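Undergrad: My structure is below; once you've seen it, I'll send some questions.
2 protein chains.
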Amino acid sequence: MAPLTDLYHLTMAYGHWRAGRHRAPAAAELFFRRGPFRGSFALGAGLAEGLRCLRAFRFSAADVAYLRSVLPSTTEDAFFDYLATLDASEVTLSAVPEGSVVFARVPFLQVKGPLLVVQLLETTLLCLVSYASLVATNAARFRLLAGPDMKLMEMGLRRAQGPDGALSASKYSYIGGFDYTSNVLAGKLYGIPVRGTIAHSFIMSFTSLEEVQPRELPPLAGGEPVDLVALAESWLGQVCELLQTPPEKANRGELAAFVSYAIAFPQDFQGLLDTYCVRRSGLPNFCAVALALHQLGYRAIGVRLDSGDLAQQSKEIRQVLRACGAHFQVPWFETILIAVSNDISEQSLEEFSREGSEIDMIGVGTNLVTCPLQPSLGCVYKVGVAALCPAWLVEVNGSPCLKLTEDEEKVTIPGTKTMYRLYDAAGHPFMDLMALEEEPSPSTGQELAVRVLGQLREASKVVPTAVEPLHRTYFRDGQVRGATLRMVALESSLELTRWGLRLGGQHPTWTWSCISILQVCELLPSLPEVAMTERLHHLLTELLQASQ
Amino acid sequence: MAPLTDLYHLTMAYGHWRAGRHRAPAAAELFFRRGPFRGSFALGAGLAEGLRCLRAFRFSAADVAYLRSVLPSTTEDAFFDYLATLDASEVTLSAVPEGSVVFARVPFLQVKGPLLVVQLLETTLLCLVSYASLVATNAARFRLLAGPDMKLMEMGLRRAQGPDGALSASKYSYIGGFDYTSNVLAGKLYGIPVRGTIAHSFIMSFTSLEEVQPRELPPLAGGEPVDLVALAESWLGQVCELLQTPPEKANRGELAAFVSYAIAFPQDFQGLLDTYCVRRSGLPNFCAVALALHQLGYRAIGVRLDSGDLAQQSKEIRQVLRACGAHFQVPWFETILIAVSNDISEQSLEEFSREGSEIDMIGVGTNLVTCPLQPSLGCVYKVGVAALCPAWLVEVNGSPCLKLTEDEEKVTIPGTKTMYRLYDAAGHPFMDLMALEEEPSPSTGQELAVRVLGQLREASKVVPTAVEPLHRTYFRDGQVRGATLRMVALESSLELTRWGLRLGGQHPTWTWSCISILQVCELLPSLPEVAMTERLHHLLTELLQASQ
Chain A
1 MAPLTDLYHL TMAYGHWRAG RHRAPAAAEL FFRRGPFRGS FALGAGLAEG
51 LRCLRAFRFS AADVAYLRSV LPSTTEDAFF DYLATLDASE VTLSAVPEGS
101 VVFARVPFLQ VKGPLLVVQL LETTLLCLVS YASLVATNAA RFRLLAGPDM
151 KLMEMGLRRA QGPDGALSAS KYSYIGGFDY TSNVLAGKLY GIPVRGTIAH
201 SFIMSFTSLE EVQPRELPPL AGGEPVDLVA LAESWLGQVC ELLQTPPEKA
251 NRGELAAFVS YAIAFPQDFQ GLLDTYCVRR SGLPNFCAVA LALHQLGYRA
301 IGVRLDSGDL AQQSKEIRQV LRACGAHFQV PWFETILIAV SNDISEQSLE
351 EFSREGSEID MIGVGTNLVT CPLQPSLGCV YKVGVAALCP AWLVEVNGSP
401 CLKLTEDEEK VTIPGTKTMY RLYDAAGHPF MDLMALEEEP SPSTGQELAV
451 RVLGQLREAS KVVPTAVEPL HRTYFRDGQV RGATLRMVAL ESSLELTRWG
501 LRLGGQHPTW TWSCISILQV CELLPSLPEV AMTERLHHLL TELLQASQ
Chain B
1001 MAPLTDLYHL TMAYGHWRAG RHRAPAAAEL FFRRGPFRGS FALGAGLAEG
1051 LRCLRAFRFS AADVAYLRSV LPSTTEDAFF DYLATLDASE VTLSAVPEGS
1101 VVFARVPFLQ VKGPLLVVQL LETTLLCLVS YASLVATNAA RFRLLAGPDM
1151 KLMEMGLRRA QGPDGALSAS KYSYIGGFDY TSNVLAGKLY GIPVRGTIAH
1201 SFIMSFTSLE EVQPRELPPL AGGEPVDLVA LAESWLGQVC ELLQTPPEKA
1251 NRGELAAFVS YAIAFPQDFQ GLLDTYCVRR SGLPNFCAVA LALHQLGYRA
1301 IGVRLDSGDL AQQSKEIRQV LRACGAHFQV PWFETILIAV SNDISEQSLE
1351 EFSREGSEID MIGVGTNLVT CPLQPSLGCV YKVGVAALCP AWLVEVNGSP
1401 CLKLTEDEEK VTIPGTKTMY RLYDAAGHPF MDLMALEEEP SPSTGQELAV
1451 RVLGQLREAS KVVPTAVEPL HRTYFRDGQV RGATLRMVAL ESSLELTRWG
1501 LRLGGQHPTW TWSCISILQV CELLPSLPEV AMTERLHHLL TELLQASQ
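Taken in sequence, the protein lines are chains A and B. Heads up, the first sequence is in my numbering, so the first residue is 1 and it goes up one at a time. Heads up, the second sequence is in my numbering, so the first residue is 1001 and it goes up one at a time.
Below, the structure is given as structure tokens:
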């Protein structure tokens, strides 16, 4: 993992080493300056990968040989010898637990150790954490919009940045609140439930009922196999009569594909309805096969739509399923799952909600995994060396001659910090507080003066009912500590509910019809707050004045 | 690699297997329907990964055990036994060479073999090829806009979808025409030249000249080491006098960082100019150190800017370098490389070109690797089984009841095809022609009737001076064939020049000032053309009529 970094870290490492500063105690904080997707929050994720990277951090002999070939020829041999001895055993990493809600400006990862190693970890950790957090956040936004009862499936394998991007997408979508993935390897590696339906190509590979092979299926309860082709055909006549659609418009290849699939998966029959006309072909054919299966004791499980006005069609489909269920006395028929896909975005979910729908399950691919609204989280990793430079971590982020006080957002908050999450009497978090490491922890039940970011000029008073350190130590003395490499699916959504989080931007703050575990549903305009202690604020002010 | 697929391919595979169709000869074509980024072309890439996947295509015992646990319990044991025996030894893959120009609708990968395997490869190949092609295309667009002489460096490691996404970005940016990557691992694995400069954090880790350690540097030609701190300080006075900037505004920490870096890399000294004020600090400090180095026989190599108006500043910097060079009689000073970074996009490159600049090297990260203008290529993979369904590969792409002739773009072109690239007398390609596999190859020098896509109603006549099959066979009988796994950097750009390709969309069709190997510079409005033979067109027409 060690060579997974930008070259300039190695040239700078040599600079530090030559200057004898390579073992200076340093600390780094990883954070983002603005919430992604114009929202206020992100889910911090990628911690497990970060820990794996720390454990494996080492330059092999081959790595060192390669570095010799690319660093300037004036680089001293002893530096390469030193690189070959490096590991992360002197590094301590603390972080928010995987999948936690984090806000802009609050470090969600802290790294302490010798300057050279802390510096070398910058790009690697940014690479491992940024996309993980971005896609987890994106997934959480879909979850918030879809509501707690909707089944959400990630299906972005073919659109991600290669296998690893796709696996990350599956994993962190699950952490962000999705239920399933289509990616078999992600299922195998991470234990995420996998789901799949059927593709247009399968349906189009059949043109007539003669192709169905085998044609027979025994009833669920046992007994003589029945010709399912003939049975489905006879049901098709009845369904078409009920629906008043011409039987000759029901595509025979599609019926053949449905029957063939039903014989292969009698207890898991699903139909993809839109290869041909949904109303006159896909739906009658599906109902005919599902009713034939029912006659043999089996239940179909679902349908999928992949084009057109999905919300409107889902309502029409539900109507037909109800009508069939009532007419043919198959009560479960109306509960058949309706799944949709086709370039689903946040906007689609808003439309489904606005128009009403009968959709039970949504598959999201491209707009989940590529995060087109903001394809990178823009995390930064700020390294400081307290002993060498008391003002470390205050910086101007590149804008030359900027008056530091002009743009609060661009001022990095100084010092090595401890972060606390403050809770109100109802047990809901209401503030993340940054304090200097040497400050005592805030006391519960006592009034505390804080400076809220964005309103730094005036102190506010808060009284936390409970105070929790935001970070835990996950890596120390070369060992991973804590058992939080597990998947935390849906806990994130639970956490989101306890904050009253907005999606931000152009999203209407509409109210959900369901009252549920996701009380965020109400989408109140209460922006969560981030604050710093008076002492930290004092240090910041001093440093800003000193740098004028 | 085999489990890197969507679950529905495995359920459908079972469907085919149950129906005894799993070994039916099938063929698939991989293509995109529209050029990405509103342009007309893409570079086909990812072939090497695709071939690796074919070679390794196998379900391990653990894979099969996992599949048993997720497929419906009614799935027959014999199917899993069959899966355990599968490999890609009966698959033949042909494709355009890695990095070739490809157009919408023209398959750039063809896969033939038993239906079940061909089907199972769909998502895997899409995953491996789509992002590779997208980022190679994106890189080529940057190259076209930047011109042939600009040095382009990929630096997207921290913004990509994890390590693998980042490595793909480095590799395929290089194939698309970039010169360098910042990613050390990509350099090591793929032999891409790596480059790096210096970061703000390094500069900010110094606050005073006392911190410089060691302070001395021997002259290049040998001799007594000289105190470079003192020497740089004395040069700073002279530079500030020449530039008429107050010496006290030159940040001492920055000067210390520059001197320290120069002592570490006397032959490779680079300065990052915008940690503090470029004009009053970064530039005087850099010039002072570079002149001190010059006095000892060394040449500084470059500066970098990471904020502000990059084009304007580059011109001011060049002026200062010229003035110093003239005044202090250091002629090479004016040729010092000016590198820029900071959220560079296609628009930035257009602005640089419009405003004029003195930029020599550009680092591109986020906008290269995340492809925000279009974060996925949207490739499709169409499988057909000729024996089962003569109309295979004609499809409606999901829009139900669509009249097939309404939207030419959505009609997939039928049949197993051979693609030819036609060249004019000047040796420039002017058309990609799709023919049925059984048709004879077009003859050179003979008039040929073709149907150009988008103008199918009328035949056009063309006379190719040379005809080349577009595809080569890269995999057959379980073996990779052909030696085209090598990197093809810049060949792609050369190929782009032979076509007269537009970037499309909102890009102005301005003319480059340079006449060079990249004659595409002229950016003529000649959209490359894609056509089909009369026989293929006849088949398409027949099938469209039959499906009415």
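Here a beta-carbon is modelled for each residue, glycine too, at the ideal position from N, C-alpha and C. Remember, it's a predicted structure, so these values are computed and weren't measured experimentally.
Given A:Leu-332, which residues of its chain have a CB within under 8 angstroms of its CB, disregarding the five upstream and five downstream residues?
TA: In the first sequence, the residue the question calls residue 332 of chain A occupies position 332. Checking the sequence shown, residue 332 of chain A turns out to be Trp, not Leu. Closer than 8 angstroms at the Cβ level, and outside the excluded window around A:Trp-332, lie Arg-299 and Gly-325.
Undergrad: Using the Cα positions of A:Arg-18 and B:Val-1212, report the straight-line distance between them to the nearest angstrom.
TA: Within the first sequence, numbered from 1, the residue matching residue 18 of chain A stands at position 18. Within the second sequence, numbered from 1, the residue matching residue 1212 of chain B stands at position 212. The alpha-carbon atoms of A:Arg-18 and B:Val-1212 are separated by roughly 10 angstroms.
Undergrad: Are at least three pairs of beta-carbons, each pair with one atom in the stretch 34-41 of chain A and one in the stretch 1215-1235 of chain B, less than 8 angstroms apart?
TA: no
Undergrad: Could you please give me the residues that DSSP links to A:Arg-472 through a beta bridge?
TA: In the first sequence, counting from the first residue as 1, residue 472 of chain A sits at position 472. DSSP, once it has assigned bridges, lists A:Ala-95 as partnering A:Arg-472.
Undergrad: For A:Asp-81, would you say it is in contact with chain B, using Cβ-to-Cβ distances shorter than 7 angstroms as the test?
TA: Position 81 of the first sequence, counted from the first residue, corresponds to residue 81 of chain A. Taking CB atoms only, A:Asp-81 has no neighbour in chain B less than 7 angstroms away.
Undergrad: Does any C-beta atom of chain B lie closer than 7 angstroms to the C-beta of A:Tyr-190?
TA: Taking the first sequence and counting its residues from 1, one reaches residue 190 of chain A at position 190. Closer than 7 angstroms: no.
Undergrad: Since B:Lys-1112 is in the beta strand (DSSP E), which residue starts that stretch and which ends it?
TA: On the second sequence, residue 1112 of chain B is found 112 positions in, with the first residue counted as 1. DSSP places B:Lys-1112 in the uninterrupted beta strand (DSSP E) bounded by 1109-1114.
Undergrad: Which runs of the beta strand (DSSP E), 3 residues or longer, sit entirely within the stretch 252-286 of chain A?
TA: 270-272
Undergrad: By the DSSP assignment, the alpha helix (DSSP H) with B:Tyr-1174 in it spans what residues?
TA: Your numbering for residue 1174 of chain B matches position 174 in the second sequence. Start and end: 1162-1175.
Undergrad: Let me confirm a value: A:Pro-107 is counted as buried when at least 16 other C-beta atoms fall within 10 Å, else exposed. Which label applies?
TA: In the first sequence, counting from the first residue as 1, residue 107 of chain A sits at position 107. So A:Pro-107 ends up on the buried side.
Undergrad: Pairs of beta-carbons, one from the stretch 254-261 of chain A and one from the stretch 229-238 of chain A, closer than 8 angstroms: are there three or more?
TA: Yes, they touch.
Undergrad: Use the C-beta contact count for B:Pro-1193: other C-beta atoms within 10 angstroms, 16 or more gives buried, fewer gives exposed.
TA: Translated into positions along the second sequence, residue 1193 of chain B becomes position 193. Classification of B:Pro-1193: exposed, given that the 10 Å Cβ count is below 16.
Undergrad: Buried or exposed for A:Asp-6, please, with buried defined as at least 16 other CB atoms from any protein chain shown within 10 angstroms of its CB.
TA: On the first sequence, residue 6 of chain A is found 6 positions in, with the first residue counted as 1. It counts as buried.
Undergrad: Nearest to A:Leu-125 by CA position, among A:Ala-48, A:Pro-246, A:Ser-348 and A:Asn-367, is which residue?
TA: Taking the first residue of the first sequence as position 1, residue 125 of chain A is located at position 125. Of the listed residues, the one whose Cα sits closest to A:Leu-125 is A:Ala-48.
Undergrad: For chain A, find out if any of its Cβ atoms is closer than 7 angstroms to the Cβ of B:Ser-1182; answer yes or no.
TA: Taking the second sequence and counting its residues from 1, the one referred to as residue 1182 of chain B is at position 182. Cβ-Cβ to chain A under 7 angstroms: yes for B:Ser-1182.
Undergrad: Please state whether the Cβ-Cβ distance between A:Gln-267 and A:Gly-302 is less than 7 angstroms.
TA: Within the first sequence, the letter at position 267 stands for residue 267 of chain A. Within the first sequence, the letter at position 302 stands for residue 302 of chain A. In this structure, A:Gly-302 does not lie closer than 7 angstroms to A:Gln-267 by Cβ.
Undergrad: Are B:Ser-1376 and A:Thr-370 close, meaning C-beta to C-beta below 7 angstroms?
TA: Position 376 of the second sequence, counted from the start, is the residue given in the question as residue 1376 of chain B. Position 370 of the first sequence, counted from the start, is the residue given in the question as residue 370 of chain A. Cβ atoms of B:Ser-1376 and A:Thr-370: closer than 7 angstroms.
Undergrad: Have a look at B:Lys-1315, B:Arg-1280 and B:Ile-1336 and flag the residue whose alpha-carbon is nearest the alpha-carbon of B:Ala-1290.
TA: To locate residue 1290 of chain B, count along the second sequence from 1; it is residue 290. The candidate whose alpha carbon is nearest that of B:Ala-1290 is B:Ile-1336.
Undergrad: For the putative contact between B:Ala-1132 and B:Gly-1177, defined by C-beta atoms under 8 angstroms, what is the C-beta separation to the nearest angstrom?
TA: In the second sequence, counting from the first residue as 1, residue 1132 of chain B sits at position 132. In the second sequence, counting from the first residue as 1, residue 1177 of chain B sits at position 177. Rounded to whole angstroms, the Cβ separation of B:Ala-1132 and B:Gly-1177 is 14 angstroms, and the two are not in contact under 8 angstroms.
Undergrad: Does the stretch 1110-1124 of chain B come close enough to the stretch 1356-1363 of chain B to have 3 or more Cβ pairs within less than 8 angstroms?
TA: no
Undergrad: Assuming B:Ser-1314 is part of the alpha helix (DSSP H), what are its boundary residues?
TA: By one-based count along the second sequence, residue 1314 of chain B stands at place 314. Counting along the chain, the alpha helix (DSSP H) containing B:Ser-1314 begins and ends at 1310-1327.
Undergrad: Please compile the residues from chain B whose C-beta is within a distance smaller than 7 angstroms of the C-beta of A:Val-383.
TA: Counting from one through the first sequence, the residue named residue 383 of chain A turns up at place 383. Residues of chain B passing the Cβ test: Ser-1201.
Undergrad: Would you verify that the beta carbon of A:Arg-481 is, or is not, closer than 7 angstroms to some beta carbon of chain B?
TA: Counting from 1 along the first sequence, the entry for residue 481 of chain A is found at position 481. Residue-level contact check: A:Arg-481 does not touch chain B, since none of the beta carbons of chain B fall below 7 angstroms from its beta carbon.
Undergrad: So with Cβ pairs under 7 angstroms, would you call B:Gly-1196 a contact of chain A?
TA: Looking up residue 1196 of chain B in the second sequence gives position 196. So, interface residue.
Undergrad: Would you kindly work out how many angstroms separate the C-alpha atoms of B:Thr-1418 and B:Leu-1144, rounded to a whole number?
TA: For the purposes of this step, residue 1418 of chain B is taken as the residue at position 418 of the second sequence. For the purposes of this step, residue 1144 of chain B is taken as the residue at position 144 of the second sequence. Near 30 angstroms, if we compare the C-alpha coordinates of B:Leu-1144 and B:Thr-1418.
Undergrad: Short check: CB of B:Leu-1422 to CB of B:Leu-1433, under 7 angstroms?
TA: Locating residue 1422 of chain B in the second sequence gives position 422, counting from the first residue. Locating residue 1433 of chain B in the second sequence gives position 433, counting from the first residue. Yes, these two residues count as a Cβ contact at 7 angstroms.
Undergrad: If distances are taken between C-alpha atoms only, which option among A:Lys-461, A:Gly-384, A:Met-431 and A:Phe-103 comes closest to A:Leu-448?
TA: If you number the first sequence from 1, residue 448 of chain A lands on position 448. The candidate whose alpha carbon is nearest that of A:Leu-448 is A:Lys-461.
Undergrad: Hey, quick one: how far does the beta strand (DSSP E) through A:Glu-532 stretch, first residue to last?
TA: By one-based count along the first sequence, residue 532 of chain A stands at place 532. Correcting the residue type first, residue 532 of chain A is Met in the shown sequence and not Glu. Start and end: 529-533.
Undergrad: Following the continuous alpha helix (DSSP H) through B:Ile-1203, name the residue where it begins and the one where it ends.
TA: Here residue 1203 of chain B refers to the residue found at position 203 of the second sequence. Looking at the DSSP string, the run of the alpha helix (DSSP H) that includes B:Ile-1203 is 1200-1204.
Undergrad: In whole angstroms, what is the alpha-carbon distance linking B:Lys-1171 and A:Phe-352?
TA: Locating residue 1171 of chain B in the second sequence gives position 171, counting from the first residue. Locating residue 352 of chain A in the first sequence gives position 352, counting from the first residue. For B:Lys-1171 and A:Phe-352, the gap between their C-alpha atoms comes out near 41 angstroms.
Undergrad: Listing by chain order, which chain B residues have their CB less than 7 angstroms from the CB of A:Arg-168?
TA: As a position in the first sequence, residue 168 of chain A is number 168, starting the count at 1. Here residue 168 of chain A turns out to be Ser, not Arg, going by the sequence shown. Near A:Ser-168 (Cβ distances below 7 angstroms), the residues of chain B are Gln-1161 and Gly-1162.
Undergrad: Which chain A residues sit within Cβ distance under 9 angstroms of B:Gln-1213?
TA: Mapped onto the second sequence, residue 1213 of chain B falls at position 213. Residues of chain A passing the Cβ test: Arg-18, Ala-19, Gly-20 and Arg-21.
Undergrad: A:Leu-368 and A:Val-340: beta carbons closer than 7 angstroms?
TA: On the first sequence, position 368 is the one that residue 368 of chain A refers to. On the first sequence, position 340 is the one that residue 340 of chain A refers to. No, the pair does not count as a contact, with Cβ atoms beyond the cut-off.
Undergrad: Cα separation between A:Ala-425 and A:Pro-464?
TA: To locate residue 425 of chain A, count along the first sequence from 1; it is residue 425. To locate residue 464 of chain A, count along the first sequence from 1; it is residue 464. Approximately 8 angstroms between the Cα atoms of the pair.
Undergrad: May I have the straight-line CA-CA distance separating A:Gly-113 from B:Val-1111, to the nearest angstrom?
TA: Start at 1 with the first residue of the first sequence, and residue 113 of chain A comes out as number 113. Start at 1 with the first residue of the second sequence, and residue 1111 of chain B comes out as number 111. Near 52 angstroms, if we compare the C-alpha coordinates of B:Val-1111 and A:Gly-113.
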